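> Below is the structure I would like to discuss, written out as structure tokens.
Protein chains: 2
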Amino acid sequence: LSVVPKIDPTDYVGFTFFVGAMAMMGASAFFFLSLSQFDRKWRTSVLVSGLITFIAAVHYFYMKDYWSAHMESPTFFRYVDWFLTVPLMCVEFFLILKVAGAKTSLMWRLIGLSVIMLITGYLGEAVFTNQAELWGGISGVAYFVIVYDIWLGKAKKLAVAAGGDILKAHKILCWFVLVGWAIYPLGYMLGTEGWYTSIIGTGSVDIVYNIADAINKIGFGLVIYALAIKKTDNKV
Amino acid sequence: LSVVPKIDPTDYVGFTFFVGAMAMMGASAFFFLSLSQFDRKWRTSVLVSGLITFIAAVHYFYMKDYWSAHMESPTFFRYVDWFLTVPLMCVEFFLILKVAGAKTSLMWRLIGLSVIMLITGYLGEAVFTNQAELWGGISGVAYFVIVYDIWLGKAKKLAVAAGGDILKAHKILCWFVLVGWAIYPLGYMLGTEGWYTSIIGTGSVDIVYNIADAINKIGFGLVIYALAIKKTDNKV
Ligand SMILES: CC1=C(/C=C/C(C)=C/C=C/C(C)=C/C=O)C(C)(C)CCC1
Ligand SMILES: CC1=C(/C=C/C(C)=C/C=C/C(C)=C/C=O)C(C)(C)CCC1
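Keeping their order, the protein sequence lines are chains X and E. Residue numbering for the first sequence follows this note's numbering, starting at 11 and increasing by one per position. Residue numbering for the second sequence follows this note's numbering, starting at 11 and increasing by one per position.
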């Protein structure tokens, strides 16, 4: 009996957990250690990118162990992670638009919506699993309101007012939320029972969530990083 | 038999321990890595904010494991944490008022009062649990003296003398102590037996304490952070 379990080489889900864990930790080191390269006012944004991947890294370390031990989706840790990282992504949107005069009320609105999205998602995926359709639907509504807010609502107007590189970065982030985030409900539908099950079947939620997390956490962070590089005057 | 325990998705208390642990660790990374953005004389205050959340993070990692293993309040670790973090918060009050000429005697007075508050609270909550009213009452008196000192006593006078942003920050911190800290005795009354039990009933001490900690440690730190940002001249 050992504390280090044997590993099945065909455990591909486990493989993505391990790759994910260290990708997140590596990305955190990258963002954190690059901070001194930027003008002060851009450091906070890159720092928050690093926080997002750092928080994810720790939860991926839990999740890979949980998966190895029980061969069961670590839904609990998944949502602990999202409860911290998704609101922080809303903070990122706010930080970028602050130069254009964004108010904290915009940030709190996005945070509130994302919390509703996550609580209802958790209830459907982990607690009331026989009502997954219902809770997933409510979660989806909150998600659409977020998409609306940033694509067409107040956030959009502020980005247009800021123009230039900020508008460009905002647009890229909007695509992340529309396309990258849309992978999550797909994972949810693979892992729960509902009208959609006859269409898309069932499959590994975790591979889907792990890929989505890599795109949305590391990719999103790199967009902020690139913006901060562009905006830093002293390039020496 | 495995070292990674299975987790019940409806263990909401456990959820708040996990969220709390990583929120504290994330906040610490944030405060520590932001230090270079401030004028030197403000760095100590932000550094102490980071210490408070970092100390809490480590104890939350203990507490989440203790909770998962025994489904019992980790009162021991809770107070180990408070014995370090609450005095550090008194140091923060002092650091902010130092520019206004605060003496170290003010700091030691606040530290002494907070230690009395915590020792008596621990005795009531963990040792002489059938005298919880008595010990909680003594603890409450020490708490009120702290509230008096900072709202109306010497600390207040110094803050008024300093004026401007320092007075503003002091006021916000005073509200934290009056409202945010008042959540703790509420948790205490939920978890112990006394005259109050017939009024407020019993409930999960830990959810209450965890929420209070998030507000008072991270929120308090962010107020200091915002003050340091405002006071830093060179914003490049
Ligand atoms: C719409 C929807 C969902 C959306 C989840 C999302 C959008 C999660 C985003 C997570 C991110 C971006 C993490 C990275 O840090 C759930 C909860 C699966 C439930 C089903 C409906
Ligand atoms: C008044 C009172 C209490 C007060 C506790 C407080 C005020 C704790 C503050 C902790 C903080 C601020 C931690 C953050 O770092 C006790 C001990 C529960 C016992 C019952 C009476």
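Glycine is no exception: its CB is placed at the ideal position from the N, C-alpha and C atoms. The model shown is predicted, which means the values in this text are computed figures rather than measured ones.
Is residue 96 (chain E) near ligand 4, with its Cβ less than 7 Å from a heavy atom?
Ligand 4 is absent from the structure shown, which contains only ligand 1 and ligand 2.
> In terms of alpha-carbon separation, which member of X:51, X:34, X:146 lies closest to residue 240 (chain E)?
X:51
> Could you tell me whether any non-hydrogen atom of ligand 1 is closer than 7 Å to the CB of residue 128 (chain X)?
Proximity of the beta carbon of residue 128 (chain X) to ligand 1 is indicated: a heavy atom of the ligand is located closer than 7 Å.
> Using a cut-off of 9 Å between C-beta atoms, extract the partners of residue 126 (chain E) located in chain X.
Within chain X, no residue comes near residue 126 (chain E); the closest Cβ sits about 35 Å away, beyond 9 Å.
> My parser needs the beta strand (DSSP E) runs of 3 or more residues fully inside the segment 90 to 161 of chain E; what are they?
none
> For residue 228 (chain E), count neighbouring Cβ atoms within 10 angstroms of its own Cβ and tell me buried if that reaches 16, exposed if not.
buried
> Could you pull out every residue in the same chain whose Cβ sits closer than 7 Å to the Cβ of residue 101 (chain X), ignoring the five residues on either side in sequence?
Excluding sequence neighbours, residue 101 (chain X) sits near 58, 117.
> Could you give the uninterrupted runs of the alpha helix (DSSP H) lying entirely in the segment 192 to 224 of chain X, keeping only those of 4 residues or more?
193 to 201, 207 to 210, 215 to 223
> Using 8 Å as the cut-off, can you tell me whether the segment 31 to 43 of chain X makes contact with the segment 64 to 71 of chain X, which would need three or more C-beta pairs spanning the two stretches below that distance?
Short answer: they touch.
> How long is the line joining the alpha carbons of residue 127 (chain E) and residue 204 (chain X), rounded to whole angstroms?
Their backbone Cα atoms lie some 54 Å apart in a straight line.
> What span of residues does the alpha helix (DSSP H) with residue 75 (chain X) cover, start to end?
50 to 80
> Let me check you understand the geometry: is the CB of residue 209 (chain X) closer than 7 Å to at least one non-hydrogen atom of ligand 2?
no
> Could you tell me the boundaries of the alpha helix (DSSP H) in which residue 230 (chain E) lies?
Here the alpha helix (DSSP H) through residue 230 (chain E) covers 230 to 241.
> Can you tell me whether residue 235 (chain E) is buried or exposed, with buried defined as 16 or more other CB within 10 angstroms of its CB?
buried
> For residue 85 (chain X), which residues in chain E fall below 7 Å Cβ to Cβ?
19
> Apart from the five residues just before and just after residue 184 (chain E), which ones in its own chain have a Cβ nearer than 6 Å to its Cβ?
160, 161
> Please report the straight-line C-alpha distance between residue 151 (chain X) and residue 136 (chain X), rounded to a whole angstrom.
19 Å
> Which same chain residues, not among the five before or five after residue 119 (chain E), have their C-beta less than 8 Å away from its C-beta?
159
> Check whether the Cβ atoms of residue 56 (chain X) and residue 238 (chain X) sit closer than 8 Å, and answer yes or no.
yes
> Below 8 Å between beta carbons: does that hold for residue 105 (chain X) and residue 54 (chain X)?
Yes; because the gap between Cβ atoms is below 8 Å, this pair is in contact.
> Starting from residue 65 (chain X), find everything on chain E with Cβ-Cβ shorter than 7 Å and list it in chain order.
32, 36
> Do residue 155 (chain X) and residue 200 (chain X) have their beta-carbon atoms positioned less than 8 Å apart in this structure?
Cβ atoms of residue 200 (chain X) and residue 155 (chain X): not closer than 8 Å.
> Any heavy atom of ligand 1 within a distance shorter than 7 Å of the CB on residue 49 (chain E)?
no
> Using a Cβ-Cβ distance cut-off of 8 Å, determine whether residue 45 (chain E) contacts chain X.
no
> With C-beta atoms as the reference, is residue 74 (chain X) less than 8 Å away from residue 28 (chain X)?
yes
> Which of the three DSSP states is assigned to residue 83 (chain X) in this structure?
coil
> I'd like to know if residue 76 (chain X) contacts chain E, where contact means its C-beta is closer than 8 Å to some C-beta of that chain.
yes
> Quick check on this structure: which residue in E:189, E:16, E:38, E:209 has the alpha carbon closest to the alpha carbon of residue 250 (chain E)?
Since the displayed chain E opens at 11 and closes at 246, residue 250 (chain E) lies outside it and no answer follows.
> Please check the pair residue 195 (chain E) and residue 146 (chain E), which I expect to be a contact at CB under 8 Å, by giving their CB distance rounded to whole angstroms.
7 Å
> Just to make sure I have the definition right: I need the residues of chain E whose C-beta is within less than 8 Å of the C-beta of residue 186 (chain X). Which are they?
In chain order: nothing, as chain E lies at least about 21 Å away.
> So that I know if they touch, is there some Cβ in chain X lying closer than 8 Å to that of residue 23 (chain E)?
no
> Please list, in chain order, the chain X residues whose beta carbon lies closer than 7 Å to that of residue 40 (chain E).
57, 61
> Using 7 Å as the cut-off, classify the Cβ of residue 77 (chain X) as near or not near the heavy atoms of ligand 1, replying yes or no.
no
> Which residue's Cα is closest to the Cα of residue 111 (chain X): X:25, X:167, X:187?
X:167
> Select from X:21, X:149, X:49 the residue whose C-alpha is nearest the C-alpha of residue 243 (chain X).
X:49
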